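Below is one structure, written out as structure tokens; the observations come after it.
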Amino acid sequence: MLDTLRTVLLDDESLTAVISNRVDPFNLSEGGNAALPAVFYTVDDETPLQTMTASSMKVALVNYTAFSTTLAQSEEVADLVVDVLDDYSDSGTNITHCRCVERSRETVEPIAGSEDYFYSTTLLFQVWYE
């Protein structure tokens, strides 16, 4: 499911024009400012759905965080991620529903040895898939 959503993001020309191919599992320490803006993702929760019949359907909560050296750019990247993934579904990939359910922003203190602040906009998506 995560590989599919990563591919969907990287197939969007508007998003890749801003972040290139920087959509990866969370790791802010690699690359510094040269690796920004970027989108990092983590899975918060993954739960099988309880149904009356046998089903392999699951629901995952996936965080996509847009990091940048400016708040405006982190918001721009987050908007592009929402444009691509909100209401995404594809029977060929077994993702039946993808919905942004929460958005937050944060200023990240400089990493040791640096004076640069980072800005993040985090999106929480609920993804239903088989």
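By my numbering, the letter at position 37 of the sequence shown is numbered 37, and the numbering carries on one by one without gaps.
By construction, the Cβ of each residue, glycine as well, lies at the ideal position given by its N, Cα and C atoms.
These numbers were taken from a predicted model, which means no experiment stands behind them.
Return the chain-ordered list of same chain residues with a C-beta closer than 8 Å to the C-beta of residue i, the five sequence neighbours on each side being excluded.
i          : result
residue 95 : 1, 4, 5, 88, 89, 127, 128 and 129
residue 98 : 5, 85, 86, 87, 88, 89, 125, 126, 127 and 128
Nearest-angstrom Cα distance between residue i and residue j?
i           : j           : result
residue 15  : residue 112 : 30 Å
residue 75  : residue 11  : 20 Å
residue 116 : residue 108 : 9 Å
residue 101 : residue 57  : 19 Å
residue 125 : residue 35  : 24 Å
Taking residue i as part of the beta strand (DSSP E), name the residues at either end of that continuous run.
i          : result
residue 79 : From DSSP, residue 79 is part of no beta strand (DSSP E) but of the alpha helix (DSSP H) over 71-85.
Return the residue from the list the options that minimises the CA-CA distance to residue i.
i          : options            : result
residue 24 : 58, 105, 45 and 62 : 62
residue 8  : 98, 85 and 117     : 85
residue 69 : 114, 42 and 125    : 114
residue 67 : 13, 125 and 26     : 26
residue 65 : 39, 35, 21 and 80  : 39
residue 21 : 92, 93 and 77      : 77
Tell me which residues share the same chain as residue i and place their Cβ nearer than 7 Å to its Cβ, disregarding the 5 neighbours each side in the sequence.
i          : result
residue 73 : 37
Skipping 5 residues on each side, what residues in its chain have a beta carbon closer than 6 Å to that of residue i?
i           : result
residue 52  : With a pLDDT of only 46 at residue 52, under the threshold of 50, the placement of this residue in the model should not be trusted, and no figure is reported.
residue 13  : none
residue 106 : 120
residue 103 : 123
Just curious, the alpha helix (DSSP H) that residue i is in, first and last residue?
i          : result
residue 14 : 13-19
residue 22 : Here residue 22 belongs to no alpha helix (DSSP H), and DSSP marks it neither H nor E.
residue 9  : 2-10
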